[in-house]
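Undergrad:
Chains as they are written, first to last, in my numbering: chain A, 1 to 389; chain Z, 390 to 975.
(1) Find the residues of chain Z that neighbour residue 215(A), judging by a C-beta separation of less than 7 angstroms, and give them in chain order.
(2) Given a cut-off of 8 angstroms on the beta-carbon distance, is the pair residue 624(Z) and residue 712(Z) in contact?
(3) Between 122(A), 254(A), 294(A), which lies nearest to residue 312(A) when the distance is taken from Cα to Cα?
(4) Residue 676(Z) and residue 651(Z) - do their beta-carbons sit closer together than 8 angstroms?
(5) What are the residues that DSSP puts in a beta bridge with residue 420(Z)?
(6) Answer yes or no: do residue 230(A) and residue 154(A) have a C-beta to C-beta separation smaller than 8 angstroms?
(7) Which one of 844(Z), 589(Z), 401(Z) has the shortest CA to CA distance from residue 216(A)?
(8) Mapping DSSP to helix, strand and coil, what is residue 471(Z)?
(9) If we ignore side chains and look at the alpha-carbon of each, how far apart do residue 247(A) and residue 336(A) end up?
(10) What residue range does the alpha helix (DSSP H) around residue 226(A) cover?
(11) Which same chain residues, not among the five before or five after residue 413(Z), have their C-beta less than 6 angstroms away from its C-beta?
(12) Starting from residue 859(Z), follow its DSSP beta bridges and name the residues at the other end.
(13) Reducing DSSP to helix, strand and coil, say where residue 387(A) ends up.
(14) Is it buried or exposed for residue 168(A), if we count other Cβ within 10 angstroms and need 16 for buried?
(15) Among the candidates 565(Z), 539(Z), 529(Z), 540(Z), whose CA atom is the shortest distance from the CA of residue 551(Z)?
(16) By the 10 Å Cβ neighbour count, where 16 or more other Cβ atoms means buried, how is residue 393(Z) classified, buried or exposed?
(17) Mind reading off the beta-carbon distance from residue 985(Z) to residue 522(Z)? Whole number of angstroms is fine, and I expect it under 8 angstroms.
(18) Ordered along the chain, which non-local residues of its own chain (more than five positions away) have a Cβ less than 7 angstroms from that of residue 824(Z)?
(19) If we call anything under 8 angstroms between Cβ atoms a contact, is residue 633(Z) one with residue 648(Z)?
(20) Would you call the region 682 to 702 of chain Z and the region 885 to 896 of chain Z in contact, with 3 or more CB pairs under 8 angstroms?
(21) Using beta-carbon positions only, say whether residue 867(Z) and residue 423(Z) come within less than 8 angstroms of one another.
(22) Taking residue 671(Z) as the reference, which of 411(Z), 966(Z), 895(Z) has the closest Cα?
(23) Hey, is residue 56(A)'s beta-carbon within less than 8 angstroms of any beta-carbon in chain Z?
(24) Using 8 angstroms as the threshold, is the C-beta distance between residue 666(Z) and residue 770(Z) below it?
(25) Can you pull the chain A neighbours of residue 406(Z), defined as C-beta to C-beta under 9 angstroms?
(26) So which residues of chain A does residue 409(Z) contact, with C-beta pairs closer than 9 angstroms?
(27) Is residue 963(Z) close to chain A? Criterion is C-beta to C-beta, closer than 8 angstroms.
(28) Do the CB positions of residue 871(Z) and residue 965(Z) come within less than 8 angstroms of each other?
(29) Of the choices 642(Z), 504(Z), 780(Z), 597(Z), whose alpha-carbon is the least far from that of residue 557(Z)?
(30) Note down, in chain order, every chain Z residue with its Cβ under 9 angstroms from the Cβ of residue 212(A).
(31) Over what stretch of residues does the beta strand (DSSP E) that includes residue 870(Z) continue unbroken?
(32) Determine the closest residue to residue 471(Z) out of 857(Z), 569(Z), 941(Z), 728(Z), with distance taken between C-alpha atoms.
(33) I need the straight-line Cα distance from residue 874(Z) to residue 857(Z), nearest angstrom please.
(34) In its own chain, which residues sit with a C-beta less than 7 angstroms from the C-beta of residue 390(Z), not counting the 5 before and 5 after it?
(35) If contact means a Cβ-Cβ distance below 9 angstroms, which residues of the region 152 to 180 of chain A contact chain Z?
(36) My parser needs the beta strand (DSSP E) runs of 3 or more residues fully inside the region 85 to 143 of chain A; what are they?
Encoded structure:
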């Protein structure tokens, strides 16, 4: 049934439909609406779940690790500082192979204290062993959250569903909310490989010597590969029942494009409009939306970009001392493909500043005029600042 | 080789069904925490050495009887001391540095009142009978205290009291608005019920005393300072001049004499204050004349404050020089004094000021300038006198060939003359004589020194008897050693009091009762410095689950097989009841 929902509500609806059994969260703007709605669902009995209040995000993830180990489906949501505080336990969740799902609202890290959209918080967690799925609109948020459970539980790895602060979390859009019966058909009850059970006591994750650690890590690497391999199959099941699919990446007018934008999150929607405008002026431009960031879809990215002359990556994030993080990943994916196009990195919209159609159009023409990138990253829209003397 | 994948759902996960206890993390330790109770500053400041930190803990738990018994182990008169002790404990309370001292005296009084109301009988351990008999001369706080402790130590005790009722200065010297008669009677009745015999109306003369030295195994002389020190100025013996102590005794004896008009009280001690406040209650006005300054007065500050509230006028730096009678009035001539330097005791040294003398005309004059022993033989022997003399902090022991040993105690032997010091004196006498009888005079000082609270001078009976308090370190806990993060600001209890108007017309007790709920809340303010109150911070913070608790949660100990010596327990102990040593130190 179509409803007009905030992105936050779309997450909460998905969690309800996924029949999550334990929720734990610490409120933080702009994630708060998600857990407010869920706590209401739990209290009112709309969800048959336990809501654990905690004093920090660190404890929240610790609580979920314990809960998920007993064989129940769990959820949390956070952002920015909260996600950073979870860092240690993000590694633990993946190392312990617990398919926890998290709603991650992209928000800038302090200082300066900033509650607006910026991807650096989630991208800084890219090496924790969590799958990361970036969403463009609220429908995709709802669908991806449900899908994340199926995917995570298939490969025994945790997953983050990432949505832009305010642009998604606080913006109302029409969203098709599936029936419970439809979701149940797609998402069977969680069937854990192992559970902690007081009747058959054992302890998990004791000391592991160099003899075994390497193999444990290799298994996680394999599980990530598996996730990439089965993504289309899982999404196919979803599409069969619910009629929608997104792909690990989405190519927009890439077939004949000379220059291709690479985007993620809500900027993709802006890029779609910019493309329409540029195409109407005869420009051969395309866009590649990256949905699945971990595991990184190297083959799909190569396939989409290798025919282009130039690639533009627009990053709403930055790895200090290096470059935009999506740009790094794209360069890494392309570098072993012979004759690959040059990658132009652009940094824009940090801390919630708007990325406009005009901005994308200006970038396009600048790249079209350039033989090769002048530097790794070009910062867009930098203003004069007054500095203290 | 086929690559195993996670999709086969065979996770390569470390898990063990054997206990992780095989990893004895205790071997990593180089710092060793241990439970070690320490001494609270209040208990060390209490002349009776009461285990205050523990008493407040027991109140918090609602264990009022046990709390009361804990007092009785060290002090037989909590109902008295909860009212009239100057509570030096509160002056040393670590909580002062946080917000305000715990109202220790209010809680002591609460426990005594609760026990009296419920007619609670204390269950105190009594040592096996020694077969020895002790005669005690005087039933004031020193004599009652000596009898109480002798009794617990297994001695037969008999108190000889010259007055018709027991209590000494408690009965005849302290006004009823501070110490109601019923309270005193209840305390004395309990001491008697414990087996102490009190023979009232039996004055002991010097000759009788010498006879008693032949028939008893030891004597305790605690007959106090009963003779008023006369004012040595012209007219002091004239009409209209009375002795303050006698006035107080007369009131407690039931004489209802009004003292209308203006009376002058000469002196700066507690007796002067008591006399002035009694005058107010007998329909008069009172003016206290003191030759030093207000801050030099030996009277307790709170008493001076109450007297001022009730309308007593205080004139300082005026020394009486003569008294003239005239037309039914007294004319008191006073020399203004000035401060010139400091006396040896730290008070301002006074000298006559250049100003001319002033006079005040009053209806009568009460003197309260100090007291002395009623008879010279009451005074302890001075060094050089015949016999073996042992001077302790609160009593003097004489052993000679005239008979049984004698202990001089109470006001006769203490520096500060007040109730709690008298109680300390009685306790010291009992312990000293017990050591004397069991181990001889030679080991007295050493054995008494091992029973000091926090290094002294207070003695503890519980320590003497080898109770749990003996394990405590004498180190006195400082505020810096308290983990104040675990406490919240909480106002000190305000004891309800009679209105000023109500006080003018009666000798009713001024300070009123508090409820059990209020007492428990006030006791909850106590840091319980140095003692374990079972807060379990150690248990909660231990990352190695190495704090083991007994089944009834009363006892905790450390499992050194697994304790890594991180020291969290010691740091998080709010009250310094734990100690961290370097491994290998003795």
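All C-beta atoms in this analysis are idealised placements derived from N, C-alpha and C, irrespective of residue type, glycine included.
TA: In short, the structure shows the following:
(1) Counting from 1 along the first chain, the entry for residue 215(A) is found at position 215. Within 7 angstroms Cβ-Cβ: 401.
(2) Against the second chain, residue 624(Z) aligns to sequence position 235. Against the second chain, residue 712(Z) aligns to sequence position 323. The answer is yes: Cβ separation under 8 angstroms.
(3) For the purposes of this step, residue 312(A) is identified with residue 312 of the first chain, where counting begins at 1. For residue 312(A), the nearest C-alpha among the options comes from 254(A).
(4) Taking the first residue of the second chain as position 1, residue 651(Z) is located at position 262. Taking the first residue of the second chain as position 1, residue 676(Z) is located at position 287. Taking 8 angstroms as the cut-off, the beta carbon of residue 651(Z) is found closer than this to the beta carbon of residue 676(Z).
(5) Here residue 420(Z) is taken as the residue at index 31 of the second chain, counted from 1. Beta-bridge partners of residue 420(Z) (DSSP): 971(Z).
(6) Translated into the one-based positions of the first chain, residue 230(A) becomes position 230. Translated into the one-based positions of the first chain, residue 154(A) becomes position 154. Yes, the Cβ-Cβ distance between residue 230(A) and residue 154(A) is below 8 angstroms.
(7) Taking the first chain and counting its residues from 1, the one referred to as residue 216(A) is at position 216. The residue with the shortest Cα to Cα distance from residue 216(A) is 401(Z).
(8) Along the second chain, one-based indexing puts residue 471(Z) at 82. The answer is helix: DSSP assigns residue 471(Z) an H, G or I state.
(9) Numbered from 1 along the first chain, position 247 holds the residue referred to as residue 247(A). Numbered from 1 along the first chain, position 336 holds the residue referred to as residue 336(A). C-alpha of residue 247(A) to C-alpha of residue 336(A): approximately 23 angstroms in a straight line.
(10) Counting from 1 along the first chain, the entry for residue 226(A) is found at position 226. In the DSSP annotation of this structure, the continuous segment of the alpha helix (DSSP H) that includes residue 226(A) starts and ends at 210 to 242.
(11) On the second chain, residue 413(Z) is found 24 positions in, with the first residue counted as 1. If we look at residue 413(Z) and ignore the five residues flanking it on each side, its Cβ neighbours are 950.
(12) Indexing the second chain from 1 puts residue 859(Z) at position 470. DSSP output for residue 859(Z) lists no bridge partner at all.
(13) Residue numbering aside, residue 387(A) sits at position 387 when the first chain is read from its first letter. DSSP places residue 387(A) in coil when its eight states are reduced to three.
(14) Numbered from its first residue, the first chain carries residue 168(A) at position 168. So residue 168(A) counts as buried.
(15) Counting from 1 along the second chain, the entry for residue 551(Z) is found at position 162. Nearest option by C-alpha distance: 529(Z).
(16) The count along the second chain starts at 1 and reaches residue 393(Z) at position 4. Note that residue 393(Z) scores 43 on pLDDT, short of 50, meaning its location in the model is unreliable; the coordinates nonetheless yield the value given after this. Exposed is the call here.
(17) The question about residue 985(Z) has no answer, for chain Z in this structure spans 390 to 975.
(18) By 1-based counting over the second chain, the position of residue 824(Z) is 435. Closer than 7 angstroms at the Cβ level, and outside the excluded window around residue 824(Z), lie 832, 833, 836, 837.
(19) For the purposes of this step, residue 633(Z) is taken as residue 244 along the second chain, with counting starting at 1. For the purposes of this step, residue 648(Z) is taken as residue 259 along the second chain, with counting starting at 1. In this structure, residue 648(Z) does not lie closer than 8 angstroms to residue 633(Z) by Cβ.
(20) In short, these stretches touch, since the Cβ pair count reaches three.
(21) Indexing the second chain from 1 puts residue 867(Z) at position 478. Indexing the second chain from 1 puts residue 423(Z) at position 34. Not a contact, by the Cβ cut-off of 8 angstroms.
(22) Mapped onto the second chain, residue 671(Z) falls at position 282. Of 411(Z), 966(Z), 895(Z), the residue nearest in Cα terms is 895(Z).
(23) Position 56 of the first chain, counting from 1, holds the residue named residue 56(A). No, residue 56(A) lies away from the interface with chain Z (no Cβ there is under 8 angstroms from its Cβ).
(24) The residue given as residue 666(Z) occupies position 277 in the second chain. The residue given as residue 770(Z) occupies position 381 in the second chain. The Cβ atoms of residue 666(Z) and residue 770(Z) do not sit closer than 8 angstroms to each other.
(25) Translated into the one-based positions of the second chain, residue 406(Z) becomes position 17. Counting only Cβ-Cβ distances below 9 angstroms, residue 406(Z) has contacts in chain A at 200, 201, 202, 203, in chain order.
(26) For this step, residue 409(Z) is matched to residue 20 along the second chain. Simply 203, 206, 207.
(27) Within the second chain, the letter at position 574 stands for residue 963(Z). Residue 963(Z) does not count as touching chain A.
(28) Residue mapping note: residue 871(Z) aligns to position 482 of the second chain, counting from 1. Residue mapping note: residue 965(Z) aligns to position 576 of the second chain, counting from 1. Contact flag set, yes.
(29) On the second chain, position 168 is the one that residue 557(Z) refers to. Taking residue 557(Z) as reference, the option from 642(Z), 504(Z), 780(Z), 597(Z) with the minimal CA-CA separation is 642(Z).
(30) As a working note, residue 212(A) is residue 212 in the first chain. Among the residues of chain Z, those whose CB is under 9 angstroms from the CB of residue 212(A) are 401, 403, following chain order.
(31) Numbered from its first residue, the second chain carries residue 870(Z) at position 481. Looking at the DSSP string, residue 870(Z) is not in any beta strand (DSSP E), and its letter there is neither H nor E.
(32) Looking up residue 471(Z) in the second chain gives position 82. Checking every option, the nearest Cα to that of residue 471(Z) belongs to 569(Z).
(33) Your numbering for residue 874(Z) matches position 485 in the second chain. Your numbering for residue 857(Z) matches position 468 in the second chain. C-alpha of residue 874(Z) to C-alpha of residue 857(Z): approximately 29 angstroms in a straight line.
(34) Translated into positions along the second chain, residue 390(Z) becomes position 1. Low confidence applies to residue 390(Z): its pLDDT is 37, below 50, so where it sits in the model is not reliable, and the reading given next is rough at best. If we look at residue 390(Z) and ignore the five residues flanking it on each side, it has no Cβ neighbours.
(35) Flagged, chain order: 154, 155, 156, 157.
(36) The region 85 to 143 of chain A contains these whole beta strand (DSSP E) runs: 101 to 106, 131 to 134.
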